[in-house]
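In the UniProt record's numbering, the protein residues as written are 1 to 506.
Backbone N, C-alpha and C define an ideal beta-carbon position, used for all residues, glycine too.
Computed from a prediction, not measured in an experiment: that's the story for all the values here.
Take a look at the structure set out below.
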Amino acid sequence: MNIINIQSLGVTLGDPLFADLTFTISKGDRIGLVAANGRGKSTLLGCMAGDFEPTTGQVTRARGLRIGLVEQNIPANALTQTLYDFVLSGLPSEQADYESWRVDVVLDDLQVPVDLHRKLLKDLSGGWQRTALLAAAWVTEPDILLLDEPTNHLDLNRIALLQNWLGALPRDVPVVIISHDRAFLDATTNRTLFLRTERSRAFPLAFTKARQALDEADADDERRFANDLNKASQLRKQAAKLKNIGINSGSDLLITKTKQLSERAAKIEAAARPAHQEKGAGDIKLSNSGTHAKALVTLADVPVTTPDGRALYKTGTKWITQGDRIVLLGTNGTGKTQLVKMIHRALMGDEPAIKCAPSVVLGYSDQHLSQLDDADTPMTAVAGKFDIGDQRARGLLAGAGVNIQMQDTKIAALSGGQKSRLAMLVLRLQHPNFYLLDEPTNHLDIEGQEALEEELTGHGASCLLVSHDRSFLRNVGNRFWQIERKRLIEVDDPEAFLAAEMDPLP
Ligand SMILES: Nc1ncnc2c1ncn2[C@@H]1O[C@H](COP(=O)(O)OP(=O)(O)OP(=O)(O)O)[C@@H](O)[C@H]1O
Ligand SMILES: [Mg+2]
Numbered sequence: 001m002n003i004i005n006i007q008s009l010g011v012t013l014g015d016p017l018f019a020d021l022t023f024t025i026s027k028g029d030r031i032g033l034v035a036a037n038g039r040g041k042s043t044l045l046g047c048m049a050g051d052f053e054p055t056t057g058q059v060t061r062a063r064g065l066r067i068g069l070v071e072q073n074i075p076a077n078a079l080t081q082t083l084y085d086f087v088l089s090g091l092p093s094e095q096a097d098y099e100s101w102r103v104d105v106v107l108d109d110l111q112v113p114v115d116l117h118r119k120l121l122k123d124l125s126g127g128w129q130r131t132a133l134l135a136a137a138w139v140t141e142p143d144i145l146l147l148d149e150p151t152n153h154l155d156l157n158r159i160a161l162l163q164n165w166l167g168a169l170p171r172d173v174p175v176v177i178i179s180h181d182r183a184f185l186d187a188t189t190n191r192t193l194f195l196r197t198e199r200s201r202a203f204p205l206a207f208t209k210a211r212q213a214l215d216e217a218d219a220d221d222e223r224r225f226a227n228d229l230n231k232a233s234q235l236r237k238q239a240a241k242l243k244n245i246g247i248n249s250g251s252d253l254l255i256t257k258t259k260q261l262s263e264r265a266a267k268i269e270a271a272a273r274p275a276h277q278e279k280g281a282g283d284i285k286l287s288n289s290g291t292h293a294k295a296l297v298t299l300a301d302v303p304v305t306t307p308d309g310r311a312l313y314k315t316g317t318k319w320i321t322q323g324d325r326i327v328l329l330g331t332n333g334t335g336k337t338q339l340v341k342m343i344h345r346a347l348m349g350d351e352p353a354i355k356c357a358p359s360v361v362l363g364y365s366d367q368h369l370s371q372l373d374d375a376d377t378p379m380t381a382v383a384g385k386f387d388i389g390d391q392r393a394r395g396l397l398a399g400a401g402v403n404i405q406m407q408d409t410k411i412a413a414l415s416g417g418q419k420s421r422l423a424m425l426v427l428r429l430q431h432p433n434f435y436l437l438d439e440p441t442n443h444l445d446i447e448g449q450e451a452l453e454e455e456l457t458g459h460g461a462s463c464l465l466v467s468h469d470r471s472f473l474r475n476v477g478n479r480f481w482q483i484e485r486k487r488l489i490e491v492d493d494p495e496a497f498l499a500a501e502m503d504p505l506p
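Following this line, the structure appears as structure tokens:
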């Protein structure tokens with residue numbers, strides 16, 4: 001049964017994002033929605049939910065359809081609510097008065113510890129905030145779930161839990177998932193829609209197999225296009241020959257035939273379509289300004305605490321030296337971000353317990369990219385803060401995937417991935433020699449993740465980073481620090497930690 005019908009749908013925002021999309025969502029569908037950053041995935045989800053008015057075409061929803069939408073970013077007004085109240089606010093008010101038990105059931109299903117229920121969302125980790133969004137959507141008992149990058153900010157344990165939770169949902173509830181996490185898509189979907197500006201393609205397969213089918217379909221298109229052009233050129237050659245003969249012999253029949261051949265060639269040429277060419281969503285480049293200092297940061301058994309002063313763990317004596325790419329491992333809430341923030345404060349001269357070499361130039365990006373102000377424009381974030389001149393700033397922004405239209409629009413209007421790419425450009429302009437990165441791959445498409453990997457490893461940059469992306473942290477890290485039983489210990493590789501994290505929960 002059709003739940004949502006999408007007919008010849010198109011959205012143009014400045015440039016066309018996508019056009020002529022026809023697609024049906026039925027019971028039992030688990031759909032992966034895949035495209036590079038800024039291509040309109042979130043916008044399409046908004047169209048499905050009825051929150052965004054398309055430029056052309058229509059979306060028809062089954063009568064009375066209840067939609068559970070989990071957006072890519074947490075709404076600002078949610079942050080000042082407690083986790084429990086926020087989930088409760090998902091229910092209509094009369095239901096909220098009498099059926100608050102529904103909230104308890106959902107939070108229990110999603111294994112949210114009771115001591116977090118009354119905490120303000122702004123004081124909770126990104127992972128718990130996303131879990132709260134999911135709970136608020138599910139508590140309304142929707143007939144379809146639309147999830148925009150649900151694994152962002154989740155640690156591996158929560159990703160495994162989400163995988164299992166989705167797997168246990170009633171089969172007749174369709175789910176649409178936008179994600180750049182290949183392993184997650186493979187585990188949770190049975191159809192894949194590759195969103196493209198023209199001729200989007202869908203396959204009844206999970207991501208990896210669908211990707212192969214897409215490559216084959218593109219190769220077929222390529223061959224067909226070459227064949228068509230070849231056929232047209234043959235026809236034109238024949239037409240030219242015939243024309244000469246026709247003129248010499250004065251035969252009307254041959255002249256008509258010549259015309260027919262040329263018309264056939266023109267028809268084939270008009271119908272021939274080149275294969276899709278995938279364009280990247282912009283460059284990611286980093287710089288490494290180098291330093292002569294050997295130890296960049298010295299941790300002398302520093303106690304790490306929560307913002308309200310509760311002891312989490314002690315660091316032991318540790319040094320961060322040049323060329324170290326340290327990955328910090330630990331489950332959600334063990335205090336990875338707290339250590340990152342402490343080192344950040346130390347480098348700002350505000351944390352006496354940690355010693356830093358004076359020559360360290362920091363490049364810092366936090367989990368929510370709060371170094372960028374949503375009310376700024378990309379142009380003011382770049383030309384306004386660095387002495388590089390307007391023209392160069394525009395060139396750099398365009399190179400990073402922020403087109404001329406968006407350069408003077410508020411940063412809030414950028415897609416998640418475009419914002420991450422802008423954040424990386426701002427970092428690069430600071431010419432750091434030490435990077436402190438908290439979950440830098442959130443929102444980045446697969447190509448963007450790989451580019452960031454190469455930039456970090458290729459320039460001999462030193463960094464301390466937190467990431468839940470298995471392939472990213474394996475590829476980037478050359479040292480691994482793990483938070484375990486109130487200590488920070490050095491481990492040879494992340495495998496034991498990753499294996500334990502992906503194990504189903506007790
Ligand atoms: N006012 C505007 N004028 C022109 N383009 C706009 C405007 N507002 C938004 N856009 C563009 O529309 C697109 C919105 O895309 P959307 O957020 O749906 O992308 P996405 O595929 O979800 O990307 P990501 O993977 O980064 O989340 C972006 O390319 C953005 O730059
Ligand atoms: Mg998006």
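Flag this pair as touching only if the region 321-335 and the region 459-471 have three or more C-beta atom pairs under 8 angstroms; answer yes or no.
-> yes
Which residues count as close to ligand 1 when the rule is a CB under 5 angstroms from any of its heavy atoms, in chain order?
-> Matched residues: L13, G14, N37, G38, R39, G40, K41, S42, T43, Q405, M406, A413, S415, G416 and G417.
What distance in whole Å lies between the Cβ atoms of F225 and G32, which are believed to be in contact at a cut-off of 8 angstroms?
-> As a position in the sequence shown, residue 32 is number 32, starting the count at 1. As a position in the sequence shown, residue 225 is number 225, starting the count at 1. That pair is no contact at about 27 angstroms.
Could you check if V105 is buried or exposed, using at least 16 other CB atoms within 10 Å of its CB as the buried criterion?
-> Indexing the sequence shown from 1 puts residue 105 at position 105. The residue is exposed, with fewer than 16 neighbouring Cβ atoms inside 10 Å.
Which term fits I3, buried or exposed, when burial requires 16 or more other beta carbons within 10 angstroms of its beta carbon?
-> Within the sequence shown, numbered from 1, the residue matching residue 3 stands at position 3. With 16 or more other Cβ atoms within 10 Å, it is buried.
Exposed unless 16 or more other CB atoms sit within 10 angstroms - verdict on H153 | The count along the sequence shown starts at 1 and reaches residue 153 at position 153. Buried, by the Cβ-count rule.
Mark P506 as exposed unless 16 or more other C-beta atoms lie within 10 angstroms of its C-beta, in which case mark it buried.
-> For this step, residue 506 is matched to residue 506 along the sequence shown. Unreliable positioning characterises P506 in this predicted model, as indicated by a pLDDT of 49, which lies under 50. The coordinate reading is nonetheless provided below. Exposed, since its Cβ has fewer than 16 Cβ neighbours within 10 Å.
Going by CA-CA distance only, name the one from R199, G28 and V11 that's closest to A57.
-> In the sequence shown, counting from the first residue as 1, residue 57 sits at position 57. Here residue 57 is Gly; the residue named in the question, Ala, does not match the sequence. Of the listed residues, the one whose Cα sits closest to G57 is V11.
Whose C-beta lies closer than 6 angstroms to the C-beta of Q449 among residues of the same chain, with five residues either side of it excluded?
-> Counting from one through the sequence shown, the residue named residue 449 turns up at place 449. Cβ neighbours of Q449 beyond the five flanking positions: T441 and F472.
Determine the contact status of A19 and E198, defining contact as a CB-CB distance below 8 angstroms.
-> For this step, residue 19 is matched to residue 19 along the sequence shown. For this step, residue 198 is matched to residue 198 along the sequence shown. Taking 8 angstroms as the Cβ cut-off, A19 and E198 qualify as a contacting pair.
Collapsed DSSP secondary structure at A266 in the structure displayed | Taking the sequence shown and counting its residues from 1, the one referred to as residue 266 is at position 266. Note: A266 maps to helix in three-state DSSP.
Leaving aside the five residues before and after L436 along the sequence, list all residues of the same chain whose C-beta is less than 8 angstroms from its C-beta, in chain order.
-> For the purposes of this step, residue 436 is taken as residue 436 along the sequence shown, with counting starting at 1. Once the five neighbours on either side are set aside, the close Cβ partners of L436 are V340, I343, H344, L347, L362, G363, Y364, S365, C463, L464 and L465.
How big is the Cα-Cα spacing for K314 and Q338?
-> Translated into the one-based positions of the sequence shown, residue 314 becomes position 314. Translated into the one-based positions of the sequence shown, residue 338 becomes position 338. In a straight line, the C-alpha of K314 is about 12 angstroms away from that of Q338.
Give me whichever residues DSSP pairs with I67 in a beta bridge.
-> As a first step, residue 67 is located in the sequence shown; it is residue number 67 there, counting from the start. I144, per the DSSP bridge assignment.
Got a sec: does ligand 2 put a non-hydrogen atom nearer than 7 angstroms to the Cβ of Q72?
-> For the purposes of this step, residue 72 is taken as the residue at position 72 of the sequence shown. Indeed, a heavy atom of ligand 2 lies less than 7 angstroms from the Cβ.
Alpha-carbon to alpha-carbon, E455 and T380 = Numbered from its first residue, the sequence shown carries residue 380 at position 380. Numbered from its first residue, the sequence shown carries residue 455 at position 455. Whole-angstrom Cα-Cα distance: 25 angstroms.
With DSSP run on the structure shown, which of helix, strand or coil describes residue 575?
-> Residue coverage of the chain in this structure runs from 1 to 506, which leaves residue 575 outside it and unanswerable.
Is the Cβ-Cβ distance between A160 and S89 less than 8 angstroms?
-> Within the sequence shown, numbered from 1, the residue matching residue 160 stands at position 160. Within the sequence shown, numbered from 1, the residue matching residue 89 stands at position 89. Taking 8 angstroms as the Cβ cut-off, A160 and S89 do not qualify as a contacting pair.
Have a look at the DSSP bridge pairing and note the partners of N5.
-> Taking the first residue of the sequence shown as position 1, residue 5 is located at position 5. Partner(s): T24 and T60.
So, do the region 384-401 and the region 277-286 have three or more beta carbon pairs nearer to each other than 8 angstroms?
-> With a cut-off of 8 angstroms, the region 277-286 and the region 384-401 count as touching, because enough Cβ pairs lie within range.
Using the C-alpha atoms, what's the distance from G167 back to D143?
-> Position 143 of the sequence shown, counted from the start, is the residue given in the question as residue 143. Position 167 of the sequence shown, counted from the start, is the residue given in the question as residue 167. Taking the straight line joining both Cα atoms gives about 16 angstroms.
Note down, in chain order, each residue of its chain lying with its Cβ closer than 8 angstroms to the Cβ of A375, except the 5 sequence neighbours on either side.
-> For the purposes of this step, residue 375 is taken as residue 375 along the sequence shown, with counting starting at 1. These residues qualify, in order along the chain: K410, I411 and A412.
By Cβ distance, which residues of its chain are closer than 6 angstroms to I489, with the 5 residues on each side in sequence left out?
-> In the sequence shown, the residue the question calls residue 489 occupies position 489. So the qualifying residues of the chain are Q482.
Compute the minimum distance between the beta carbon of I284 and the heavy atoms of ligand 3, and state whether it is under 7 angstroms.
-> Ligands in the displayed structure: ligand 1 and ligand 2; ligand 3 is not one of them.
Using a Cβ-Cβ cut-off of 6 angstroms (strictly less than) and excluding sequence neighbours within five positions of T298, which residues of its own chain qualify?
-> For the purposes of this step, residue 298 is identified with residue 298 of the sequence shown, where counting begins at 1. Taken in chain order, the residues that qualify are W319 and K355.
Along the alpha helix (DSSP H) that carries L429, what are the first and last residues, could you check?
-> The residue labelled residue 429 in the question sits at position 429 within the sequence shown. Unbroken alpha helix (DSSP H) run through L429: G416 to L429.
Residue of A383, N288, D228 and A393 minimising C-alpha distance to S359 = On the sequence shown, position 359 is the one that residue 359 refers to. It is N288.
Since I284 is in the alpha helix (DSSP H), which residue starts that stretch and which ends it?
-> Here residue 284 corresponds to residue number 284 of the sequence shown, with the count starting at 1. I284 -> no alpha helix (DSSP H), and no H or E assigned at all.
Going by DSSP, which residues form a beta bridge with E490?
-> Counting from one through the sequence shown, the residue named residue 490 turns up at place 490. As DSSP reads the structure, E490 sits in a beta bridge with W481.
From D308 to D123, what does the alpha carbon distance come to, in whole angstroms?
-> Taking the sequence shown and counting its residues from 1, one reaches residue 308 at position 308. Taking the sequence shown and counting its residues from 1, one reaches residue 123 at position 123. Cα to Cα, the separation comes out at about 10 angstroms.
Whole-number beta carbon distance between V176 and L147, since they are thought to touch under 8 angstroms | Taking the first residue of the sequence shown as position 1, residue 147 is located at position 147. Taking the first residue of the sequence shown as position 1, residue 176 is located at position 176. L147 to V176, Cβ: 7 angstroms. Contact.
When the distance is taken between beta carbons, is R196 closer than 8 angstroms to P204?
-> Counting from one through the sequence shown, the residue named residue 204 turns up at place 204. Counting from one through the sequence shown, the residue named residue 196 turns up at place 196. Contact flag unset, no.
Can you say whether L17 is buried or exposed, counting buried as having 16 or more other CB atoms within 10 angstroms of its CB?
-> Numbered from 1 along the sequence shown, position 17 holds the residue referred to as residue 17. Taking a 10 Å sphere around the C-beta of L17, we find 16 or more other C-beta atoms and assign the residue as buried.
What do you get for Y98, buried or exposed, if any count of 16 or more other CB atoms within 10 angstroms of its CB means buried?
-> As a first step, residue 98 is located in the sequence shown; it is residue number 98 there, counting from the start. Per the 10 Å Cβ criterion, exposed.
Nonlocal neighbours in the same chain, by C-beta distance under 8 angstroms from D181, ignoring five residues either side = Reading the sequence shown from its first residue, position 181 is the one you call residue 181. Only T151, I159 and D469 meet the Cβ criterion.
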